[in-house]
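Notes for the one structure printed next.
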Amino acid sequence: MEFTAKHIADFLNGIIEGDSNTKVNRISKIEEASEGSLTFLTNPSYTPYIYKTNASIVLVDKDFKAEQPVNNTLIRVDNAYNALAQVLELYNKSKPEKKGISSMAYVSDLAKIGKNCYIGEFSYIGDNVEIGSNVKIYPQTFIGDNVKIGAKSIVYAGVKIYENTLIGKECTLHAGAVLGSDGFGFAIQTDRNYKKIIQTGNVVIEDYVEIGSNTTIDRATIGSTIIKKGVKLDNLIQVGHNVIIGENTVMAAQVGIAGSTKIGKNCMFGGQVGISGHLNIGDDVKMAAKSGVGSNIKSGEIIMGSPAIEANNFKKSYVHFRNFEKLVKRIDELEKELKNVKNK
Amino acid sequence: MEFTAKHIADFLNGIIEGDSNTKVNRISKIEEASEGSLTFLTNPSYTPYIYKTNASIVLVDKDFKAEQPVNNTLIRVDNAYNALAQVLELYNKSKPEKKGISSMAYVSDLAKIGKNCYIGEFSYIGDNVEIGSNVKIYPQTFIGDNVKIGAKSIVYAGVKIYENTLIGKECTLHAGAVLGSDGFGFAIQTDRNYKKIIQTGNVVIEDYVEIGSNTTIDRATIGSTIIKKGVKLDNLIQVGHNVIIGENTVMAAQVGIAGSTKIGKNCMFGGQVGISGHLNIGDDVKMAAKSGVGSNIKSGEIIMGSPAIEANNFKKSYVHFRNFEKLVKRIDELEKELKNVKNK
Amino acid sequence: MEFTAKHIADFLNGIIEGDSNTKVNRISKIEEASEGSLTFLTNPSYTPYIYKTNASIVLVDKDFKAEQPVNNTLIRVDNAYNALAQVLELYNKSKPEKKGISSMAYVSDLAKIGKNCYIGEFSYIGDNVEIGSNVKIYPQTFIGDNVKIGAKSIVYAGVKIYENTLIGKECTLHAGAVLGSDGFGFAIQTDRNYKKIIQTGNVVIEDYVEIGSNTTIDRATIGSTIIKKGVKLDNLIQVGHNVIIGENTVMAAQVGIAGSTKIGKNCMFGGQVGISGHLNIGDDVKMAAKSGVGSNIKSGEIIMGSPAIEANNFKKSYVHFRNFEKLVKRIDELEKELKNVKNK
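Protein chains in written order, with this note's numbering: chain F, 1 to 344; chain C, 1001 to 1344; chain E, 2001 to 2344.
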C-alpha cells in the first residue's frame, strides 16, 4: 500500500506543488506525521504544524497561502476535508479483502449462502440461515437458526446472533455484540421466587445499521425489538426487549434502554444515558451524557440530569447547587438580621 | 409449528367460539397481530383492538363480553394471562431441541459429561469438568478446568467460564457472559507501579440463576464470589471479587458492584446502579435506576440518587432543585426587602 | 497441590509452632477456613477468629501473642501480609501450565510464534502476526492480521483483537475484551443519514497493562489509541478512538471515555465514571465513582458529581441538597415574618 503524490493528485483532481514522485504508505495527523506519511491541513488552528511537520505529502485547500517555506510536497484540492474522506475510503479499499468459506467453519446444509461471501474459521451458521451476497462473517461468530443477513453486511469476530434475528443490508456488527438474547422478564411467585416468562419474539435490524462492540440487544417477549434504518449504536449499549429505535438515531457508548420503550428518529444520546421502560421518546430528542430518563419526552427536547429535565434549566439549577454553601449562609444571615430587626 | 384452535383449547381447558379448525403458527400482540397469529386480551385497555385485529385466534377471559361483532375465533379460558404463559411454554417446548456432542467441539478426556447433553461446535471443555444431565452448551463456549455445571442448565454461545467455577442446576447463562475472570486487585508500589495480587478464589453460582449477555462476574481473591439461588442478573452487569448476592435478588442491566460487598435477598435494583466495595446491603432493598451507593443500606429501604438517599427525600429535594432559580430569586427579594425595612 | 507446614515455613523463612507435617491444599479467609485450609492473620480486628478457626495452618506475625489456646499449627513470619502475597504467588505457579499450539487452532503460515507459547483450541492467528515468547493465548481468541503481542502476555478466552493492534510484554487481557473495533465516527448528511468515517488507525497497548473482561477499546480514526505502561482497566470499560491513557492510571469497572480525550498518569477513577471527548485530564487526578466529566481537569484534582466539581464542594452542596425541604421551609418562614415586620 504505497502511493505517489501523482497517484493521489490524479485521484483527487488536485494540483501538486513539489515532487510528484514522493511516496507515502500511511495517513497521519499533522502533529504526529513523519516521513512516509500523507497528512492534511483542514483546521486553520493547525497551520503552524505545516512548517515543521516531517510528513511527505500534505493535502491543503486550493487557496492555502504559505507564510513560511514549506518543505513537503503539497497537493492542493478544492476542499481538503472532503479530499481526506476520499483518501480514507481509498485506503480502506486497498486493504486485502477476506474471501471464501473456511473449511474450519460449520455451515448447516440447510443454510443458504449468497455469492462472494467470507465465512471465517470457527464460525457457526445454523439451519435455514439466509446470508446475502458479499457478506463478511469473521471467525468465531454464532449465527443461530433462521437468521437472515442482508447483502454487504459485515459481522466481526465473535458476534453472537440468536435464532430468528433479521438483519438488513450494509449493516456492521462489531466484535462481541449479542443480538437476540432473552428479554429480562420474570413473574414473581408467592414464595418470592421468580418464574421466567418465555421470550418468543425476535430482533429486527433494518438496513445501514452499525452496532458497537459488546453491545447487547434482547429479543422481544412477543413481537420484535426493532432497530430502524441508519441507526448507529456505540459499544456496550443495552437495548431491552420490545424496544423500538427510530431511523438515524445515534447513541454513544454504555447507554441503557429498558424494555418496551419507543424512541423516535434522528435522536442523539450521549454516553451512559439510561431510559426506563415503557416510555415514549419523540423525534430529534437530544440527551446529555448520563441523563436518567423516567418519563416521556416530546420531540425536539434537549434534556440533562437524572432525573432528566430541560437542559438549560438543569444547568441553571446546577450553578446554584455548586454555590449551595454560600446560599445557605445568605439564609443564615437573613434570619439573624430579621431577628435583629424584630428585636429593635 | 402449527396449532389448531381445538389443539389449544384442549391444552388450556378452554371453550372455542368460532371455527375449531382455525390454524395459527405464531403468537403476536393484539395491536400487531395478523392472519395466522394467536393473540390474547389480558389488559382491558386493549379491548378496542379485539374488534379490528386480524388475528386468527384470540384468548379471552371466560366472562369477556363483546360489545361489537368479533370476527376471530375466540378461546375462553379461566384466566387469559395465565393461559398465555402456558401457551408460551408450549411454544418453547415445540422448538427443535439441540442435541448431541459435536465432533467439532473439544472435550477433555478427563471431563465427565452427563446424559442427554448438547455440546455445540467449537466449544472447549477442560480437564476434570463435570457437566450434569440435560445441560445445553451452545457453540464457542469456554469451560475451564474443574468447572462443574448442574443438570438442565443452559450455556449460550460464547460464554467464558474460568477454571474452578461452580454452577448449580437449571441456570441460564446468556451469550458472552464471563464468569471467573480475575478480581481487580493491585498493590501500589513505591515507584507508583501496581503489582498484581494473585486471585486464587472462584465463582459459585447456585441453582436457578439467570445471567445476562456480556455480564462479568470476577473470581474471589481468596474464597468465593457467590450468586445465590434464584438470582436474576440482566445484561452488561459487573460483579466484583468476593461479592455475595442473596437469594432471589434481581438486577436490571449495567449495574456495577465493587469488590467484597454483600447484598441481601429479595432486593430489586434498577439499571445502571453502582455500589461501592466492602458494603452491606440488607434484604428487600429497592434501588432506583442510576442510584450510586457509598454506604451500608438497611433491609427494606428504598433509595435513589447519587449518593443515594431515601427515595422520597430525594424526590422532594429534587423538586426544589428543579425550581432552584425561583428560590434564589426569593432569597434575592428577601435581602432587598430586608434592606428596605432596615433603612426605614 | 498439597503443601506441608514444613514446606511453607521453609519457603517463607518462618518458624513452625505445632506439627510440621500438617497438610493444606487451599488458601482461605480466617472466617471461612476449614480443615485443610492455610489461613492468615494480617488484620488485628480478625484476631478472635484465630481461637475458633478450623484452619490447619495459620500465618501470623512473629510477635503475635495468643491470649487463649490455639489449636492450629502456626507459622510465624516477619510480616504475615507479605508472606501471604508470596504464598499466593507460589499457589499460582503450582497450577498446571497450559502449553503448546493446538491442532484445532488456526495459525496463518505468515504468522511468527515465539518460543514456549500456548495457543488454545479454536483460536485464530492472522497473517503477519508476531507473538513473543512465553505468550499464552487461550481458546477462541481472534488475533487479526499484523497484530504484535509481546513476551509473557496472557490473552484469555474469546478476546478479539482487530488488525494492526500492538500489545506490549507482560500484559493480561481478560475474556471477551475487544481491542481495535472501529471508532464511533459518522458525518451527518443533508438527508439526516450518517456516513461512516473510515477508521484507519490502530490501538497500542504498552507493557504491563491489564484489561478487564468485555472491556472495549476502539482504534483511532487516524493515528493510535494508546494505553500506556502499567495501566489497569477493570471490566466493561469503554475507551473511545484516539484516547490516550497515561502510565499507571487505574480505572474501576464500567468507566466510559469518549473519543480524543487525553488522560494523565497515576490517575484513579471509580466505577461508572464518564468523560466527554476532546478533554485533557491531568496527572494524579482522582474521580469518585459515577463522576460525569465535561471539562478539562488539572493535575492533582479530586472530583465528584455530574457534572463533576471539586469533591469537597460537591459533598458540602449535597448535604444541603439532602436538607432542601427544611431550607425551603426556612425561606417560607422568612417571607412570612418579613411580611409581619413590614405590616407592623
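For glycine and all other residues, C-beta sits at the position ideal for the given N, C-alpha and C.
Given residue i, which residues of its chain have a CB within under 7 Å of its CB, disregarding the five upstream and five downstream residues?
i	result
Leu74(F)	Glu17, Gly18, Val58, Val60
Lys2169(E)	Gly2132, Gly2150, Ala2151, Lys2152, Ser2153, Asp2207
Compare the C-beta of residue i against all C-beta atoms of chain E and say whether one is closer than 9 Å.
i	result
Ser1103(C)	no
Gly168(F)	no
Asp1109(C)	no
Gly240(F)	no
Ser45(F)	no
On the three-state DSSP scale, how would you describe residue i?
i	result
Arg2322(E)	helix
Phe2122(E)	coil
Lys152(F)	coil
Val2087(E)	helix
Ser1295(C)	coil
Asn382(F)	In the structure displayed, chain F extends from 1 to 344; residue 382(F) sits before or after that span and is not available.
Ser2317(E)	helix
Ala1033(C)	coil
Val1159(C)	coil
Tyr194(F)	strand
Asp138(F)	Note that residue 138(F) is Tyr in the sequence shown, not Asp. It is coil, neither helix nor strand.
Arg2330(E)	helix
Glu337(F)	helix
Tyr49(F)	helix
Phe1064(C)	coil
Under 9 Å Cβ-Cβ, which residues of chain F neighbour residue i?
i	result
Asp2063(E)	Those within 9 Å of Asp2063(E) in chain F number zero; the least Cβ separation is about 48 Å.
Note down, in chain order, every chain C residue with its Cβ under 7 Å from the Cβ of residue i.
i	result
Lys2029(E)	Ile1222, Gly1223
Asp2234(E)	Phe1184
Tyr2051(E)	Per Cβ cutoff of 7 Å: no residues; Tyr2051(E) is ~20 Å from chain C at best.
Alpha carbon to alpha carbon, how far is residue j from residue i? Give it in angstroms, no decimals.
i	j	result
His2320(E)	His1320(C)	11 Å
Ser2103(E)	Ser102(F)	16 Å
Ile2027(E)	Glu2067(E)	25 Å
Ile1211(C)	Leu1173(C)	5 Å
Ile245(F)	Leu1041(C)	26 Å
Asn1214(C)	Val2077(E)	43 Å
Val2255(E)	Val1204(C)	26 Å
Ala1157(C)	Gln1140(C)	6 Å
Ala2288(E)	Pro2307(E)	12 Å
Gly2126(E)	Gly14(F)	37 Å
Ala253(F)	Gly274(F)	11 Å
Asn2343(E)	Cys1267(C)	55 Å
Ser34(F)	Ile2198(E)	21 Å
Ile2227(E)	Asp191(F)	49 Å
Asn72(F)	Ile2167(E)	32 Å
Phe3(F)	Leu88(F)	13 Å
Ala311(F)	Tyr1138(C)	46 Å
If we cut at 9 Å on Cβ distances, does residue i have a partner in chain A?
i	result
Lys1160(C)	Among the protein chains in the structure shown, which are F, C and E, there is no chain A.
Would you say residue i faces chain F, with C-beta separation under 9 Å as the test?
i	result
Tyr1091(C)	yes
Gly2114(E)	no
Ala2187(E)	yes
Ala1252(C)	yes
Gly2120(E)	no
Pro1096(C)	yes
In chain order, what residues of the same chain lie with their CB nearer than 6 Å to the CB of residue i, ignoring the 5 residues before and after it?
i	result
Val178(F)	Lys160, Thr216
Ala1220(C)	Gly1201, His1241, Asn1242
Gly1223(C)	Gly1201
Glu1031(C)	Tyr1049
Val250(F)	Lys232, Met268
So with CB distances below 9 Å, who are the chain E contacts of residue i?
i	result
Ile331(F)	Leu2327, Arg2330, Ile2331, Leu2334
Near residue i, what residues of its chain come up, given a Cβ to Cβ distance below 8 Å and the 5 sequence neighbours on each side ignored?
i	result
Tyr194(F)	Phe186, Ala187, Ile188
Less than 9 Å between CB atoms is the rule here; does residue i satisfy it with respect to chain C?
i	result
Arg2219(E)	no
Thr2172(E)	yes
Report the neighbours of residue i on chain E: residues whose CB is nearer than 8 Å to its CB, in chain order.
i	result
Gly1292(C)	Gln2272, Ala2289, Lys2290
Using a cut-off of 8 Å between C-beta atoms, extract the partners of residue i located in chain C.
i	result
Pro2139(E)	Tyr1106, Tyr1124, Phe1142
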